[in-house]
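Chemist:
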Amino acid sequence: MNIVVIGLGEVGRHLLSVLDKEGHDIVAVDASAKAVQYAEEHYDVASIVGYGASETLLKIAGVARADLVVAVTNHDEMNLIAALAAKQLGAKHVVARVQGTAWSEWTEGIRYGLLGVDVVINPRVLVAQELSRIARSYGASDVVDLAQDRVELVQIDLDESRVLNKPLSAVELPPHTLVSAVVRDGDLFVPGGADVLVKGDRVYLIGRPEGVLAAERLFSKEREARRVCIVGGGVVGKALARDLLQQQATVMMIESDLATAEEVSAEFQGIEVVHGDGTDGALLEEEEVGTYDLFAAVTKQDEINLMAALLAQRAGCKRTATIVQRADYTSIYRQLGIDIVLSPRTVASDQILRFSRGGGLHSLTVLEGGQAEVVELTASPKCRAVNKPLHRMNLPRGSLLAAIVHGDDVIIPHGKDVVHPGDRVILMTTKDARATVERLFRPRGE
Amino acid sequence: VSTQSRDFRGVIRPVGAVVLGIGVMIALCAGVGMVWDQFAPDPTRPQGGAAALALSAIIVSTLGLAAFLYGNRFVSERISRREALLAVSLIWVAAGACGAVPFMLGAGMSAADAFFESVSGLTTTGATVIVDIEGRLSRPLLLWRSLIQWLGGMGIVVLFVAVFPNLGAGGKHLFRGEVPGTTAEGLRPRIAETSFTLWKLYGAFTIIEIALLKVLGLDLFDAVCHAFTTMSTGGFSTLDSSVGGFNSAPVEYVIACFMLIGSVNYGLYYGLLRTGSWRTLVRNIEFRWYVGIVLCAVVVLTVLNLSVHDDLLTSFRYSFFMVATTISSTGYGTDDYSVYSSTALTIVILLMFVGGCSGSTAGGIKIERAVLMGKQAIAQIQKSFRPATVQLVRMGKVAVNNQVLADVGSFFLIYMGCIGFGLLFVTLVEGVPVPTAFGTMLTCLSNMGPAPFHVGPDNFSTYSAGSKLFFAIAMLLGRLEFFTLFALILPGFWRR
Numbered sequence: 025m026n027i028v029v030i031g032l033g034e035v036g037r038h039l040l041s042v043l044d045k046e047g048h049d050i051v052a053v054d055a056s057a058k059a060v061q062y063a064e065e066h067y068d069v070a071s072i073v074g075y076g077a078s079e080t081l082l083k084i085a086g087v088a089r090a091d092l093v094v095a096v097t098n099h100d101e102m103n104l105i106a107a108l109a110a111k112q113l114g115a116k117h118v119v120a121r122v123q124g125t126a127w128s129e130w131t132e133g134i135r136y137g138l139l140g141v142d143v144v145i146n147p148r149v150l151v152a153q154e155l156s157r158i159a160r161s162y163g164a165s166d167v168v169d170l171a172q173d174r175v176e177l178v179q180i181d182l183d184e185s186r187v188l189n190k191p192l193s194a195v196e197l198p199p200h201t202l203v204s205a206v207v208r209d210g211d212l213f214v215p216g217g218a219d220v221l222v223k224g225d226r227v228y229l230i231g232r233p234e235g236v237l238a239a240e241r242l243f244s245k246e247r248e249a250r251r252v253c254i255v256g257g258g259v260v261g262k263a264l265a266r267d268l269l270q271q272q273a274t275v276m277m278i279e280s281d282l283a284t285a286e287e288v289s290a291e292f293q294g295i296e297v298v299h300g301d302g303t304d305g306a307l308l309e310e311e312e313v314g315t316y317d318l319f320a321a322v323t324k325q326d327e328i329n330l331m332a333a334l335l336a337q338r339a340g341c342k343r344t345a346t347i348v349q350r351a352d353y354t355s356i357y358r359q360l361g362i363d364i365v366l367s368p369r370t371v372a373s374d375q376i377l378r379f380s381r382g383g384g385l386h387s388l389t390v391l392e393g394g395q396a397e398v399v400e401l402t403a404s405p406k407c408r409a410v411n412k413p414l415h416r417m418n419l420p421r422g423s424l425l426a427a428i429v430h431g432d433d434v435i436i437p438h439g440k441d442v443v444h445p446g447d448r449v450i451l452m453t454t455k456d457a458r459a460t461v462e463r464l465f466r467p468r469g470e
Numbered sequence: 011v012s013t014q015s016r017d018f019r020g021v022i023r024p025v026g027a028v029v030l031g032i033g034v035m036i037a038l039c040a041g042v043g044m045v046w047d048q049f050a051p052d053p054t055r056p057q058g059g060a061a062a063l064a065l066s067a068i069i070v071s072t073l074g075l076a077a078f079l080y081g082n083r084f085v086s087e088r089i090s091r092r093e094a095l096l097a098v099s100l101i102w103v104a105a106g107a108c109g110a111v112p113f114m115l116g117a118g119m120s121a122a123d124a125f126f127e128s129v130s131g132l133t134t135t136g137a138t139v140i141v142d143i144e145g146r147l148s149r150p151l152l153l154w155r156s157l158i159q160w161l162g163g164m165g166i167v168v169l170f171v172a173v174f175p176n177l178g179a180g181g182k183h184l185f186r187g188e189v190p191g192t193t194a195e196g197l198r199p200r201i202a203e204t205s206f207t208l209w210k211l212y213g214a215f216t217i218i219e220i221a222l223l224k225v226l227g228l229d230l231f232d233a234v235c236h237a238f239t240t241m242s243t244g245g246f247s248t249l250d251s252s253v254g255g256f257n258s259a260p261v262e263y264v265i266a267c268f269m270l271i272g273s274v275n276y277g278l279y280y281g282l283l284r285t286g287s288w289r290t291l292v293r294n295i296e297f298r299w300y301v302g303i304v305l306c307a308v309v310v311l312t313v314l315n316l317s318v319h320d321d322l323l324t325s326f327r328y329s330f331f332m333v334a335t336t337i338s339s340t341g342y343g344t345d346d347y348s349v350y351s352s353t354a355l356t357i358v359i360l361l362m363f364v365g366g367c368s369g370s371t372a373g374g375i376k377i378e379r380a381v382l383m384g385k386q387a388i389a390q391i392q393k394s395f396r397p398a399t400v401q402l403v404r405m406g407k408v409a410v411n412n413q414v415l416a417d418v419g420s421f422f423l424i425y426m427g428c429i430g431f432g433l434l435f436v437t438l439v440e441g442v443p444v445p446t447a448f449g450t451m452l453t454c455l456s457n458m459g460p461a462p463f464h465v466g467p468d469n470f471s472t473y474s475a476g477s478k479l480f481f482a483i484a485m486l487l488g489r490l491e492f493f494t495l496f497a498l499i500l501p502g503f504w505r506r
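As they're listed, the protein sequences go chains A and B. Using this note's numbering, the first residue of the first sequence is number 25, and each one after it goes up by one. Using this note's numbering, the first residue of the second sequence is number 11, and each one after it goes up by one.
#1: Taking the continuous alpha helix (DSSP H) assigned at V390/A, which residues delimit it?
#2: Check the Cβ-Cβ distances between E64/A and every residue of chain B, and say whether any is below 9 Å.
#3: Using 10 angstroms around the beta-carbon of M426/B, count the other beta-carbons present and answer buried if the total reaches 16, otherwise exposed.
#4: Would Y487/A count as contacting chain B if we go by Cβ distances under 9 Å?
#5: Can you tell me which of F326/B, S66/B and G341/B puts its alpha carbon nearest to the alpha carbon of A105/B?
#6: Counting only Cβ pairs nearer than 9 Å, list the residues of chain B close to V29/A.
#7: Can you find a CB in chain A that lies within less than 9 Å of the CB of S287/B?
#8: By Cβ distance, which residues of its chain are closer than 6 Å to V322/A, with the 5 residues on each side in sequence left out?
#9: Beta-carbon of D44/A versus every beta-carbon of chain B: anything under 9 Å?
#10: Roughly how many angstroms separate the alpha carbons of L471/A and L242/A, rounded to a whole number?
#11: Should A194/B be flagged as near chain A, meaning a C-beta pair shorter than 9 Å?
#12: So, at 6 Å on beta carbons, what are the nonlocal neighbours of F331/B in its own chain, with the 5 sequence-adjacent residues on each side left out?
#13: Near T6/B, which residues of its chain fall below 7 Å by C-beta distance, leaving aside the five closest residues on each side in sequence?
#14: Chain A partners of G181/B, CB-CB under 7 Å?
#15: Give me, in chain order, the residues of the same chain whose beta-carbon lies closer than 6 Å to that of V439/B; leave out the 5 immediate sequence neighbours on both sides.
#16: Would the region 379-394 of chain B count as touching the region 351-362 of chain B if we require 3 or more Cβ pairs under 8 Å?
#17: Under 9 Å between C-beta atoms, does A40/B make it to chain A?
#18: Residues of chain A with a CB under 8 Å from the CB of I201/B: which are they?
#19: Are T402/A and V449/A touching if we call contact CB-CB under 9 Å?
#20: Whose Cβ in chain B lies nearer than 9 Å to the Cβ of I50/A?
#21: Could you tell me the alpha carbon to alpha carbon distance between H99/A and A263/A, rounded to whole angstroms?
#22: Assign F231/B to buried or exposed, taking buried as 16 or more other Cβ atoms, counted over all protein chains shown, within 10 Å of its Cβ.
#23: Please return the same chain residues whose Cβ sits closer than 6 Å to the Cβ of Q349/A, not counting the five positions on each side in sequence.
#24: Please indicate yes or no: does the CB of V292/B lie closer than 8 Å to some heavy atom of the ligand SAH?
#25: What are the complete alpha helix (DSSP H) segments, minimum 4 residues, inside the region 346-413 of chain B?
#26: Leaving aside the five residues before and after S474/B along the sequence, list all residues of the same chain whose C-beta is less than 8 Å from its C-beta, in chain order.
#27: Classify I388/B: buried if its beta carbon has 16 or more other beta carbons within 10 angstroms, exposed otherwise.
#28: For C253/A, which of helix, strand or coil comes out of DSSP?
#29: Could you tell me which of V173/B, L223/B, V465/B and I140/B sits nearest to S205/B, measuring between CA atoms?
#30: Is the number of C-beta pairs between the region 40-54 of chain A and the region 375-395 of chain A that are closer than 8 Å three or more?
#31: Between G340/A and T315/A, is the Cβ-Cβ spacing less than 9 Å?
#32: Can you check which of these residues, S289/A, D317/A, D211/A and Y357/A, is closest to I5/A by C-alpha distance?
#33: Using a threshold of 9 Å, state whether the C-beta atoms of L184/B and V171/B are closer than that.
#34: I'd like the list of long-range same chain contacts for M276/A, defined as Cβ closer than 6 Å, with 5 residues on each side in sequence excluded.
#35: Could I get the ranges of all uninterrupted beta strand (DSSP E) runs contained in the region 266-335 of chain A, with 3 residues as the minimum, in chain order?
#36: Interface residues of chain A around G178/B at Cβ under 8 Å?
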């Protein structure tokens, strides 16, 4: 696939690293010679230094023949113009990332066909939505909605729980749920009935939302967050506040800039806004953040988020969440004891990556830094996997058919269940099994 | 500063893979040569030789396979810059050594002679130590001698990168180790595809030339061997008297044209094929200079050589060939330049210095570098009386950045430094006159072949084993354009 990536910041680089490994023909564009040199050095891509929205440059980059053009510079307007121009020049698919405040009134996070751009992604809104889903969950550290909210994937870090130290086959999971993956010491595997969960494992549960909620109770002692403290009234903070208020949660927001604080207070009714520094331990004590169910630090600055969350933990808050701009920091934050660490960059690149796969793919979620992924796709009538029971489908080791959406029905399949042509299926696959799985579900001869 | 040395075992596998490939190629020559002798015998040449090649193939393949399997344990995730430079250097030295085995077993040559001949082939130099080619080399061996030149022409590492597409950015570092500069890159976004495209173009030109030479009445064997050594601008011939031995003007013109084709940046041909318009070719500044230099040199040389040749047409025929063989650094001979006037000989030597376009198979300083240095010099002179002006060096519309200019300057300095050092070495060790020593160094560093100002026959057989090794290193330096091999000499390369 011919792909042009405009903007080589965090998202751009992450995209390059994944797309390069997948073997696409990539042209990377950035205005900074340094960023371009970095890309040249580390990835097998062609590169151009220049202004990403310039028509001449786009022509040289070959957008006319491109299957996918991604605009992810730090300037929203540039991204939109570049995507538009690329579309006009004949690019098949264009995606733009925006992150500005003006766009925060959206509730979707993704807009299709906005101003003629195929897909406009606002990762900050997406991250806020993910946070609010986590707040609603019982102890999950990540929640992903699939198949238009009919299937849910949650990530839970196991502490003390009834499911530990016995074979998975002896764990009575609620109906319509599955343990799709286990991460132990950083390595992901697809568990079998004989595998035993131990303290410190991270599990990925998948299933119908009501089943998953019940399963969460089994796996974790946490409860839904009814009282949430947010630090930072930016795009993420506001979007999160809006979602939480809709869920009738109690929300307190700490914002250091008076004007922003007043603005938020005016915009949202029923929210408590505190003007102060989120990293001020005395303030956190005074506002009794320890009594809140969830503490979410979502300012633009990674350091502030980290310190605020750590202070909140010391003040007695049981669940802490932060966003992190530098995706590299994620694992360090986790090590320091932050329960939920989300990166807008990762969210954005996950969204964009699915376009690089083409053909019937509806969504793609990358787990554990690329060790595995969850894909949602429509089974083509001509593919090898349809019209035969699951146990004869020859799914490779390290992959799992997690759900079949047949019409309005969601089936968490067993050996005898069949995928019909046109069904949506949700698959989990490790990196090694991916190619084989894709072959099974792609039309023959493609 | 830590003096802990780096772990470079990751390069064993690629080197092993290339050596294994060389073994397979030798086996191929043994087989094809044998079949050829079977079905179209040529009694004028020495018979047999296939067995020696087969034995060489077994030895080389075994070594390669062993290295490959051993190296499998140290595969690095991504080949780093350092590893790439080391791998490219080792690949060239190892390929030279392995390519020498058939010469030792098949023609009874000494190790130094065989290594010289093999490296001379691989680096497309075309200088030889074999005095009686027609009487000593069997067909399988001649085929190998030509094939090794063909492989070295577009580059064994480029071929390696094309065959193993999963090297990622590491492949890019390897590619740059063998093809420095920015020119041939970027035909396609992925380096493996770029390499493959280059080899496809190269192969296509070779096939066309084989067909043309066959049509002009050459024996198929000679046509194949000469096409291999023309497209690579190498210059090995199957005849003692080189291309002149065919004594056919049409053959000379065809070969001259293909030598000129081979010294143009292959990226331009790709642009031509993809866009279908001549614009990319004609608008390329380096190409314009190249055509200009060739035309001027041909005209001047034709006129000057009227003193040697009787009529205008004969003079044109030999002068045109001389310009083509020299600027492309091929080194075929149809004419004896030792009888040329001093001015004509100077032109030949200057052409040897300059060489062909960047991104081609030709050697020398390369026209792009020469043009850049000229423009840079003019800019500097302008600055001496108008210091406040901004003096950008441009290549066409594009301003060339200072990094590239510094690179070109260093290249030239290293090139001249090598000639200087070589002069000292050769005059000291061999005791030959200064012009002779200069001729040998120039021909080795620019991968040309024949040495101007030679004493006795135009051949390297009279030099000592030590000097032959020295010349072989000079050829490798010239082919890899210095930086790759010299990087290994700096202590910082090995330090952690």
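Every residue, glycine too, gets a C-beta built ideally from N, C-alpha and C.
Modeler: With the structure as the only source:
#1: Counting from one through the first sequence, the residue named residue 390/A turns up at place 366. Here V390/A belongs to no alpha helix (DSSP H); instead the beta strand (DSSP E) covers L385 to L391.
#2: Numbered from its first residue, the first sequence carries residue 64/A at position 40. Output row for E64/A: interface = yes.
#3: Counted from its first residue, the second sequence places residue 426/B at position 416. Exposed.
#4: No statement about residue 487/A is possible, as the shown extent of chain A runs from 25 to 470 and does not include it.
#5: Here residue 105/B refers to the residue found at position 95 when the second sequence is read from its first residue. The candidate whose alpha carbon is nearest that of A105/B is S66/B.
#6: As a working note, residue 29/A is residue 5 in the first sequence. Ordered by position in chain B, no residue passes the 9 Å Cβ test against V29/A, which lies about 11 Å from the chain.
#7: Here residue 287/B refers to the residue found at position 277 of the second sequence. It does not: the Cβ of S287/B has no partner Cβ on chain A nearer than 9 Å.
#8: Taking the first residue of the first sequence as position 1, residue 322/A is located at position 298. Setting aside the 5 residues that flank it on each side, V322/A is surrounded in the same chain by G256, V260, G261 and I347, each with a C-beta closer than 6 Å to its C-beta; the list follows chain order.
#9: Against the first sequence, residue 44/A aligns to sequence position 20. D44/A has a beta carbon lying within less than 9 Å of a beta carbon in chain B.
#10: The structure shown does not extend to residue 471/A, since chain A is modelled only from 25 through 470, so no value can be given for it.
#11: Here residue 194/B is taken as the residue at index 184 of the second sequence, counted from 1. Residue placement at A194/B cannot be trusted, given a pLDDT of 45 that sits under 50; the coordinates are not used to answer.
#12: For the purposes of this step, residue 331/B is taken as residue 321 along the second sequence, with counting starting at 1. Cβ within range, chain order: E262, A266 and T344.
#13: With chain B represented from 11 up to 506, any question about residue 6/B goes unanswered, as that position is not in the structure.
#14: Walking along the second sequence from the start, residue 181/B turns up at place 171. Near G181/B (Cβ distances below 7 Å), the residues of chain A are D68.
#15: For this step, residue 439/B is matched to residue 429 along the second sequence. Answer for V439/B: S477, listed in chain order.
#16: As far as the Cβ criterion goes, the region 379-394 of chain B does not touch the region 351-362 of chain B, which means the pair count is below three.
#17: Here the question's residue 40/B lines up with position 30 in the second sequence. Chain A, which has no Cβ nearer than 9 Å to the Cβ of A40/B, makes this no.
#18: By 1-based counting over the second sequence, the position of residue 201/B is 191. Contact note: I201/B reaches chain A through D68, using a C-beta cutoff of 8 Å and chain order.
#19: The residue you call residue 402/A lines up with position 378 of the first sequence. The residue you call residue 449/A lines up with position 425 of the first sequence. Note that the C-beta distance between T402/A and V449/A is below 9 Å.
#20: For the purposes of this step, residue 50/A is taken as residue 26 along the first sequence, with counting starting at 1. I50/A reaches chain B at P199 and R200, counting residues in chain order whose Cβ is nearer than 9 Å.
#21: In the first sequence, the residue the question calls residue 99/A occupies position 75. In the first sequence, the residue the question calls residue 263/A occupies position 239. Approximately 20 Å, taken between the alpha carbons.
#22: Here the question's residue 231/B lines up with position 221 in the second sequence. Its Cβ being crowded by 16 or more others within 10 Å, F231/B is buried.
#23: Locating residue 349/A in the first sequence gives position 325, counting from the first residue. Hits under 6 Å: D326.
#24: Among the ligands in the structure shown, none appear at all, so the ligand SAH cannot be discussed.
#25: Counting only runs of 4 or more residues that sit fully inside the region 346-413 of chain B, the alpha helix (DSSP H) segments are 352-364 and 377-395, in chain order.
#26: In the second sequence, counting from the first residue as 1, residue 474/B sits at position 464. For S474/B, where only same-chain residues beyond five positions count, the Cβ hits under 8 Å are V439 and E440.
#27: Working through the second sequence from its first residue, we reach residue 388/B at position 378. Its Cβ having fewer than 16 others within 10 Å, I388/B is exposed.
#28: The sequence position of residue 253/A within the first sequence is 229, counting from 1. C253/A: strand per DSSP, three-state reduction.
#29: Taking the second sequence and counting its residues from 1, the one referred to as residue 205/B is at position 195. The shortest C-alpha separation from S205/B is found at V173/B.
#30: The region 40-54 of chain A, when compared against the region 375-395 of chain A, does touch it at the 8 Å Cβ threshold.
#31: If you number the first sequence from 1, residue 340/A lands on position 316. If you number the first sequence from 1, residue 315/A lands on position 291. In this structure, T315/A lies closer than 9 Å to G340/A by Cβ.
#32: What is shown of chain A runs 25 to 470, which leaves residue 5/A out entirely.
#33: Indexing the second sequence from 1 puts residue 184/B at position 174. Indexing the second sequence from 1 puts residue 171/B at position 161. Taking the C-beta atoms as reference points, V171/B is found nearer than 9 Å to L184/B.
#34: Locating residue 276/A in the first sequence gives position 252, where the first residue counts as 1. Cβ neighbours of M276/A beyond the five flanking positions: C253 and E296.
#35: Taken in chain order, the complete beta strand (DSSP E) segments of 3 or more residues contained in the region 266-335 of chain A are 274-279, 295-299 and 318-321.
#36: Start at 1 with the first residue of the second sequence, and residue 178/B comes out as number 168. Those within 8 Å of G178/B in chain A are D44, K45, Y67 and D68.
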